[in-house]
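Undergrad:
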Amino acid sequence: MPPVAAQGPRTLLRRLREIMAEKASAQSRLDKLVTVIAANMVAEVCSIYLRRSGKTLELFATEGLNPGAVHRTRMKSGEGLVGLVAETGEPVNLSDAPSHPRFSYRPETGEDPYHSFLGVPIVRGGQVFGVLTVQNRAARQYAEEEVEALQTVAMVLAEIVAQGVLFNLAELDEPELSLDRTRKFRGEGLSDGVAVGHVVLHQPRVKVEKMIADNPQEELVRLEAAIGVLRSSVDDMLDSSELDLTGESREVIETFRMFAHDQGWRQRIRDAVHTGLTAEAAVERVQDEMRHKVSRLNDPILRERAHDLEDLARRLLRHLTGDDEKMNRELPRDAVLIARAMGPAELLDYRRDRLQALVLEEAASTSHVAIVARAMGLPLVSDTKGITDAARAGDLVAVDGETGETHLRPPQDVVAAFEAKRWMRAQRVAQFATVRDLPAETKDGVHIRLMMNAGLMLDMPHLHESGADGIGLFRTELQFMIGEMMPRLKDQANFYREILDAAGDKPVVFRTLDLGGDKVLPYARFEREENPALGWRAIRIALDRPALLRYQVRALLAASDRKVLRILLPMVSHVAEFNSARALVDREIERARLLGQTQPRQVLVGAMLEVPALMFMLPQIMRSADFVSIGSNDLLSLAFAVDRTNPRVSRRYDMLNPASLTLIRQIVRSAADCGGEVSLCGEMAGRPLDAMALVGLGLRTLSMSPGHIGPVKMMIRSLNYSETAQFVEKLCGRADHSLRGRLAAFAAERGVVLK
Ligand code: PEP
Ligand code: MG
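Quick note, the numbering used here runs 9 ahead of the 1-based positions in the sequence shown.
So, in structure tokens, the structure goes:
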């Protein structure tokens, strides 16, 4: 057997660089390239196929096959072995290609005599640009090093093609491959608003300037030094006494450390450096492979681990490129943040006045990042798979938080259309402002109280701007989630005092800490749970760790001197739970009295109705609680057995369906039977169409994000309550999967304003 890859990939990469630097035409450079690769790999054939017009793969250059087939042989998507490589994004290594079921014989190429076949994808950022192949007459299996070598060449080739060094991709009828092409993503709008701005990648892709090493030995030294710094920084993270890591957060960082010290990972990067890549390019290469493997896994735990490795690789790249300090770079004034996923605290790290919009690959509408984005009045689009790979920092991007459309690198006419939309929206906002001081009253005189949901100081100006009647839900946990550590008693009291001062005469309902589920404190000790949504959450934590609730109540009492203090307990499952929590509140009131502190004028304690079981105890809970508020986000998610944070299922059922309406109707009726009233503070209260149904069901108090008050008020003012009530009553008996269409048709017929 002849010595294969005799000169090694390093020589090959050097030659590749020389060829690309030549002033010759693209075709002659590609022709030379295949000759050099064939010689280096001791192959009789080397061919380059590139994608053209959609998914067709066209033979662009060959050494060994019939030259007449160049630009003539085209394989349809998935056709032949070349198509198989492109489809799977994986190398195909065969000693007897013709016997493979996917082999497709093309007479014009003259490939009859060749048995062995090795094809690797020309891939970049998860996108397959083409396929690079070598073939030999003799039936032989290509060795692992040969596959590696060809993959390395293909990676460099992908970069060259993507950057348009060889040809203008748009002219080649393949604008799809161009890094500059416009991309449109159809996601889901989770927070309204239209924006045009420039991309800021939340976890910026570190730009690798140089792919091919001048001196591999030096690269290894750089790599080792960077890995050393990386490891000690991760060790520091774990050992740092300040962080006091325990439970899950410790486990996460420990796994992180394990990865950082993983010899296999280090060795794979070293191997890639040995093939002639720079240390940075080697890290990227190993990461690309890993990303590709993981993209086909369904296991959420493994995918989570992959996020860890991504994070590590990014850190390593930053150490290598010295980009470390640039992390806290200046934001452009019109930043559109793009990320795979993000937590609420991370979003709050950014300066609001510089942000125009947020685009995420994954987030559900009730996730906390979405809630915070809405509180910030920041347009948010989610479910835009692939956008983080496609976007580059500084790209122009247009976002519509209503329709869920995102245009990356949009052409001028799209930008103009978005500017027009923005103008229209401003007009609409001005229209809402005209109803700000008018009552939320239906045409037949039914008054609805419109309250606002809040959680941060930055929400407070909206209370007066929106004309809300008060704060129906103040999510106190947000203040805990954004901090580095548990806020002290004094800080909590000051915060609540500021909120009450900002609210003036308007009521504020403070919900006590609703932790657990998707709401985790970066510094707290939470055990990992199989089913966090059904786990140790909210009032369950409060009763097991009474100090937490008592401190919070103490702070609330201190903050509300001579005012009415409204406390709402989250996730109550049965009356005994509520009574125990209420007893803790009473103890704090008694304590404050004994200490002679100024007291609130009145303390009202309410229960959130989020657990379906409590629906059947409504008369009993209404005897214990001063008020009841329906948390429809959790209530419906639990009633439908849908994890609200899992985008795969969170949109599977339209919450406007007969079961939801019947369930809410039952709550309203049973409250009325006991002479009480319930309110609703989940996200559906803020959607005009949903709110129309809720009013029809008899709800008189709705609490929503401030941006929705105007649209919901306009809807109410154009509505006839009795007609709606009759219509909704009939809907409850239907079997439809969604009642959205019927409700919208009703609204259109009756002239109900839905903006
Ligand atoms: C709800 O569950 O509807 C609710 C308002 O609470 P949160 O969204 O904060 O869980
Ligand atoms: Mg809830």
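Using N, Cα and C, we set each Cβ at its ideal position, and we do this for glycine too.
Ignoring anything shorter than 3 residues or poking outside the segment 586 to 662, list the beta strand (DSSP E) runs there in chain order.
TA: Taking only runs of at least 3 residues, the beta strand (DSSP E) segments lying wholly in the segment 586 to 662 are 611 to 618, 636 to 639.
Undergrad: Relative to the C-alpha of residue 459, which candidate in 226, 695, 656 has its C-alpha closest?
TA: For the purposes of this step, residue 459 is taken as the residue at position 450 of the sequence shown. The shortest C-alpha separation from residue 459 is found at 695.
Undergrad: Using 8 Å as the threshold, is the segment 404 to 415 in touch with the segment 372 to 392, meaning 3 or more CB pairs across them?
TA: Yes, they touch.
Undergrad: Would you identify the three-state DSSP class for residue 67, choosing helix, strand or coil?
TA: Within the sequence shown, the letter at position 58 stands for residue 67. Strand at residue 67.
Undergrad: How should residue 607 be labelled, buried or exposed, when 16 other C-beta atoms within 10 angstroms of its C-beta is the threshold for buried?
TA: Position 598 of the sequence shown, counting from 1, holds the residue named residue 607. Flag for residue 607 reads exposed.
Undergrad: Would you say residue 484 touches the ligand PEP, meaning its beta carbon is less than 8 Å from a heavy atom?
TA: Taking the sequence shown and counting its residues from 1, one reaches residue 484 at position 475. Correct: residue 484 has its Cβ closer than 8 Å to the ligand PEP.
Undergrad: Using 8 Å as the cut-off, can you tell me whether the segment 429 to 442 makes contact with the segment 215 to 234, which would need three or more C-beta pairs spanning the two stretches below that distance?
TA: Flag = no, the segment 429 to 442 and the segment 215 to 234 do not touch.
Undergrad: Does the ligand MG have even one heavy atom less than 8 Å from the beta-carbon of residue 635?
TA: Within the sequence shown, the letter at position 626 stands for residue 635. No, the Cβ of residue 635 stays beyond 8 Å of every heavy atom of the ligand MG.
Undergrad: So if I measure from each beta-carbon to every heavy atom of the ligand MG and keep distances below 7 Å, which residues remain?
TA: Every residue passing the under-7 Å Cβ criterion appears here: 523, 579, 580, 617, 619, 640, 642, 643.
Undergrad: Using only the heavy atoms of the ligand PEP, determine whether one of them is closer than 8 Å to the beta carbon of residue 380.
TA: Taking the sequence shown and counting its residues from 1, the one referred to as residue 380 is at position 371. Checking the Cβ of residue 380 against the ligand PEP gives yes.
Undergrad: Cα separation between residue 302 and residue 50?
TA: Sequence index remark: in the sequence shown, residue 302 carries index 293 (1-based). Sequence index remark: in the sequence shown, residue 50 carries index 41 (1-based). Answer to the nearest angstrom: the Cα atoms are 26 Å apart.
Undergrad: Using DSSP bridges, identify the partner residues of residue 194.
TA: For the purposes of this step, residue 194 is taken as residue 185 along the sequence shown, with counting starting at 1. 415.
Undergrad: I'd like to confirm something about residue 615: is its beta-carbon nearer than 8 Å to some heavy atom of the ligand PEP, or not?
TA: Here residue 615 refers to the residue found at position 606 when the sequence shown is read from its first residue. Residue 615: no, Cβ never under 8 Å from the ligand PEP.
Undergrad: The ligand PEP and residue 692: does the residue's C-beta get closer than 8 Å to at least one heavy atom of that ligand?
TA: The residue given as residue 692 occupies position 683 in the sequence shown. Yes.
Undergrad: For residue 346 versus residue 364, is the C-beta spacing smaller than 9 Å?
TA: Position 337 of the sequence shown, counted from the first residue, corresponds to residue 346. Position 355 of the sequence shown, counted from the first residue, corresponds to residue 364. Against a cut-off of 9 Å, the Cβ pair of residue 364 and residue 346 comes out as a contact.
Undergrad: Taking only the alpha-carbon atoms, compute the straight-line gap between residue 395 and residue 208 and give it to the nearest angstrom.
TA: The sequence position of residue 395 within the sequence shown is 386, counting from 1. The sequence position of residue 208 within the sequence shown is 199, counting from 1. The alpha-carbon atoms of residue 395 and residue 208 are separated by roughly 14 Å.
Undergrad: Looking only at C-alpha atoms, which of 25, 379, 98 sits nearest to residue 136?
TA: Counting from 1 along the sequence shown, the entry for residue 136 is found at position 127. Nearest option by C-alpha distance: 98.
Undergrad: Going along the chain, which unbroken runs of the beta strand (DSSP E) with 3 or more residues stay wholly within the segment 134 to 175?
TA: List check, beta strand (DSSP E) in window: 136 to 145.
Undergrad: Assuming residue 556 is part of the alpha helix (DSSP H), what are its boundary residues?
TA: Position 547 of the sequence shown holds residue 556. Taken as a continuous stretch (DSSP letters only), the alpha helix (DSSP H) holding residue 556 covers 555 to 568.
Undergrad: So, are the CB atoms of residue 706 and residue 660 less than 9 Å apart?
TA: As a position in the sequence shown, residue 706 is number 697, starting the count at 1. As a position in the sequence shown, residue 660 is number 651, starting the count at 1. The answer is no: Cβ separation not under 9 Å.
Undergrad: Where in the segment 426 to 486 do unbroken runs of the beta strand (DSSP E), each at least 3 residues long, occur, reported from the N-terminal end onward?
TA: Fully enclosed beta strand (DSSP E) runs of 3 or longer: 458 to 463, 480 to 484.
Undergrad: Spatial neighbours of residue 565 within its chain, please: CB distance less than 7 Å, with the 5 preceding and 5 following residues excluded, ordered by chain position.
TA: Translated into positions along the sequence shown, residue 565 becomes position 556. Within the same chain, residue 565 has close Cβ partners 505, 519, 574, 576.
Undergrad: Considering Cα atoms alone, identify which of 108, 160, 642 is closest to residue 148.
TA: Here residue 148 refers to the residue found at position 139 when the sequence shown is read from its first residue. Residue 148 has its Cα closest to that of 108, out of 108, 160, 642.
Undergrad: Do residue 163 and residue 203 count as a contact pair if the criterion is CB distance below 9 Å?
TA: Taking the first residue of the sequence shown as position 1, residue 203 is located at position 194. Taking the first residue of the sequence shown as position 1, residue 163 is located at position 154. No, they are not a contact pair.
Undergrad: Any contact between the segment 721 to 729 and the segment 444 to 451? By contact I mean 3 or more CB pairs, one from each, below 8 Å.
TA: At 8 Å Cβ cutoff, the stretches touch.
Undergrad: Just checking residue 540 against the ligand PEP - is the residue's beta carbon closer than 8 Å to any of the ligand's heavy atoms?
TA: As a first step, residue 540 must be located in the sequence shown, where it is residue number 531. The answer is no for residue 540.
Undergrad: So the beta strand (DSSP E) residue 93 belongs to, where does it begin and stop?
TA: The residue you call residue 93 lines up with position 84 of the sequence shown. Unbroken run through residue 93 is the alpha helix (DSSP H), 89 to 97; no beta strand (DSSP E).
Undergrad: What does residue 131 pair with, by DSSP beta-bridge criteria?
TA: What you label residue 131 is simply residue 122 of the sequence shown in a count that begins at 1. Answer by DSSP bridge pairing, in chain order: 139.
Undergrad: What do you reckon, is the C-beta of residue 462 under 8 Å from a heavy atom of the ligand PEP?
TA: Position 453 of the sequence shown, counted from the first residue, corresponds to residue 462. True, at least one ligand heavy atom lies under 8 Å from that Cβ.
Undergrad: Taking only three categories from DSSP, how would you classify residue 344?
TA: Residue mapping note: residue 344 aligns to position 335 of the sequence shown, counting from 1. Residue state, collapsed to three classes: strand.
Undergrad: So does the segment 697 to 714 actually touch the segment 449 to 463, counting three or more Cβ pairs closer than 8 Å?
TA: These segments touch.
Undergrad: Specify the secondary structure class of residue 34 as computed by DSSP and reduced to three states.
TA: Within the sequence shown, numbered from 1, the residue matching residue 34 stands at position 25. Note: residue 34 maps to coil in three-state DSSP.
Undergrad: Starting from residue 506, trace the alpha helix (DSSP H) in both directions and tell me its first and last residue.
TA: Locating residue 506 in the sequence shown gives position 497, counting from the first residue. Counting along the chain, the alpha helix (DSSP H) containing residue 506 begins and ends at 498 to 512.
Undergrad: Starting from residue 61, trace the alpha helix (DSSP H) in both directions and tell me its first and last residue.
TA: If you number the sequence shown from 1, residue 61 lands on position 52. No alpha helix (DSSP H) contains residue 61, which is instead part of the beta strand (DSSP E) from 54 to 61.
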